[in-house]
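Shown next, in structure tokens, is the structure this report addresses.
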Amino acid sequence: MIKRDLIKKIILGISAGFVSGLFATGGGMILVPAFIYLLKMEDKKSRGTSLVCILVMVVTSGFFYYRNDYIDWNTGILCAVGGIVGGFLGAKFLKKVSEKILKIMFLSFLIYVSYKMITS
Amino acid sequence: MYVIEKIERGRGLAKILIGVVSGIITGTGMGGGTILIALLTITQGIEQHIAQATNLVFFVPTSIVAIIMNIKNKNVDLKLASIISFFGIIGAVIGASIAMKVDVRMLKKLFGYFLALIGINEIYTIIKEYINSKKMEQ
Numbered sequence: 081m082i083k084r085d086l087i088k089k090i091i092l093g094i095s096a097g098f099v100s101g102l103f104a105t106g107g108g109m110i111l112v113p114a115f116i117y118l119l120k121m122e123d124k125k126s127r128g129t130s131l132v133c134i135l136v137m138v139v140t141s142g143f144f145y146y147r148n149d150y151i152d153w154n155t156g157i158l159c160a161v162g163g164i165v166g167g168f169l170g171a172k173f174l175k176k177v178s179e180k181i182l183k184i185m186f187l188s189f190l191i192y193v194s195y196k197m198i199t200s
Numbered sequence: 798m799y800v801i802e803k804i805e806r807g808r809g810l811a812k813i814l815i816g817v818v819s820g821i822i823t824g825t826g827m828g829g830g831t832i833l834i835a836l837l838t839i840t841q842g843i844e845q846h847i848a849q850a851t852n853l854v855f856f857v858p859t860s861i862v863a864i865i866m867n868i869k870n871k872n873v874d875l876k877l878a879s880i881i882s883f884f885g886i887i888g889a890v891i892g893a894s895i896a897m898k899v900d901v902r903m904l905k906k907l908f909g910y911f912l913a914l915i916g917i918n919e920i921y922t923i924i925k926e927y928i929n930s931k932k933m934e935q
């Protein structure tokens, strides 16, 4: 039983890391549901733990992107400034109802972008 | 010169706004990073590799605050985090190495398929939630 649990964690870590490295995003979308459904963890702890794991993966991938000269510091810092404001706004004012609308908007946008990128 | 400056300033503002939108989405747990990368490539014409790298820069400061809060509130399982992170590093090295070798068109296509997968998964979750809520009503 313990062994099977460890194998789950190894596969999880490698796949989340792989996606994080390849696309520089998406690790959390693998880890959070996996923690909740596979490892039976509670929601808050899953999110908190996944953040730490992803930070480690992001720093690792960042090294590769940096070495290949793909980092645009100007854009990165501007986006990060906005991101901090957005994160604060989201945490402060987001209500359940607007979250549903946001989800539908996010989804529509996602489908549009994926279509555009696949056919590009 | 003045015009160029103005355009540059406009671009800067657009990038900050993209950050704001992504930050809000991040808070809902739907993946602000994917939105950030998609918006940067589509509205700003930024190359896929660079857009992805931007998300890495974006993630560090925005997540560190959240991580500190989560550690304070005891919402981090450090033992699990270290196991996952260890194997995560191996995965990230493999993934990032491939990303460095793949050309832009291919990476963009792969990213598109990845987004489609996330979209399908989200729709599935919404339908499942809807069915569950209907069951609760009965």
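One line per chain: the protein sequences are U and G, in this order.
Following the numbering used here, the numbering of the first sequence begins with 81 at its first residue and continues without gaps.
Following the numbering used here, the numbering of the second sequence begins with 798 at its first residue and continues without gaps.
Note that the Cβ used here is the ideal one computed from N, Cα and C, for glycine as well.
This structure is a prediction, so every number in the text was calculated from the model and none was measured.
Reduced DSSP category for Leu912(G) - H, G, I as helix; E, B as strand; rest coil
Reading the second sequence from its first residue, position 115 is the one you call residue 912(G). It is helical.
Interface partners of Lys124(U) on chain G, CB under 9 Å:
As a working mapping, residue 124(U) is identified with position 44 in the first sequence. Going along chain G in sequence order, the residues near Lys124(U) (Cβ under 9 Å) are Asn867, Asn870, Asn872.
Thr831(G) vs Gly167(U) beta-carbon contact at 8 Å:
As a first step, residue 831(G) is located in the second sequence; it is residue number 34 there, counting from the start. As a first step, residue 167(U) is located in the first sequence; it is residue number 87 there, counting from the start. At the C-beta level, Thr831(G) and Gly167(U) stay beyond 8 Å of one another.
Taking Tyr117(U) as the query, report the chain G residues whose CB atoms sit under 9 Å from its CB, ordered along the chain.
Counted from its first residue, the first sequence places residue 117(U) at position 37. What Tyr117(U) touches in chain G, judged by beta-carbon distance under 9 Å, is nothing: the nearest beta carbon there is about 11 Å away.
Looking only at its chain, what residues have a beta carbon closer than 7 Å to the beta carbon of Ser141(U), apart from the 5 residues adjacent to it on each side?
Within the first sequence, numbered from 1, the residue matching residue 141(U) stands at position 61. Only Ser100, Gly101, Ala104 meet the Cβ criterion.
Contact with chain A by Ser930(G), beta-carbon distance below 8 Å
Among the protein chains of the structure shown, namely U and G, there is no chain A.
For Tyr910(G), go through chain U and note every residue whose CB falls closer than 9 Å to its CB, in chain order.
Reading the second sequence from its first residue, position 113 is the one you call residue 910(G). Simply Ser194, Met197, Ile198.
Look up Thr825(G) in the DSSP assignment and say whether it is helix, strand or coil.
Start at 1 with the first residue of the second sequence, and residue 825(G) comes out as number 28. In the structure shown, Thr825(G) falls within a coil segment according to DSSP collapsed to helix, strand and coil.
Please classify Glu122(U) as buried or exposed, where buried requires at least 16 other C-beta atoms within 10 Å of its C-beta.
Position 42 of the first sequence, counting from 1, holds the residue named residue 122(U). Counting C-beta atoms within 10 angstroms of its own C-beta, Glu122(U) has fewer than 16 neighbours from the protein chains shown and is therefore classed as exposed.
Residues of the stretch 827-847 of chain G with Cβ closer than 9 Å to any Cβ of chain U, in chain order:
Under the 9 Å Cβ criterion, the stretch 827-847 of chain G contributes Met827, Gly828, Gly829, Gly830, Thr831, Ile832, Leu833, Ile834, Ala835, Leu836, Leu837, Thr838, Ile839, Gln841, Ile843, Glu844, Gln845, His846, Ile847.
Looking at the C-beta of Lys89(U), does it have a partner C-beta in chain G at a distance below 8 Å?
Numbered from 1 along the first sequence, position 9 holds the residue referred to as residue 89(U). Judged by the 8 Å Cβ criterion, Lys89(U) is in contact with chain G.
How long is the line joining the alpha carbons of Phe884(G) and Ala913(G), rounded to whole angstroms?
Position 87 of the second sequence, counted from the start, is the residue given in the question as residue 884(G). Position 116 of the second sequence, counted from the start, is the residue given in the question as residue 913(G). For the pair Phe884(G) and Ala913(G), the Cα-to-Cα distance works out to about 26 Å.
Measuring alpha carbon to alpha carbon, tell me which of Ile915(G), Ile861(G), Lys876(G), Lys906(G) ends up nearest Ser200(U).
Your numbering for residue 200(U) matches position 120 in the first sequence. When each option's Cα is compared against that of Ser200(U), the closest is Lys906(G).
Rounded to a whole number of angstroms, what is the C-alpha to C-alpha distance between Lys876(G) and Ala850(G)?
If you number the second sequence from 1, residue 876(G) lands on position 79. If you number the second sequence from 1, residue 850(G) lands on position 53. If you take the alpha carbons of Lys876(G) and Ala850(G), they lie about 29 Å apart.
Under 8 Å between the Cβ atoms of Ile920(G) and Leu187(U)?
Along the second sequence, one-based indexing puts residue 920(G) at 123. Along the first sequence, one-based indexing puts residue 187(U) at 107. Result yes, Cβ atoms of Ile920(G) and Leu187(U) sit closer than 8 Å.
Do you know offhand how far Leu837(G)'s Cα is from Arg147(U)'s?
Residue 837(G) sits at position 40 when you count from the first residue of the second sequence. Residue 147(U) sits at position 67 when you count from the first residue of the first sequence. Approximately 21 Å between the Cα atoms of the pair.
Report yes if the CB atom of Ile202(U) is closer than 8 Å to the CB atom of Gly93(U), and no otherwise.
A query on residue 202(U) cannot be resolved here, the shown segment of chain U reaching from 81 to 200 and no further.
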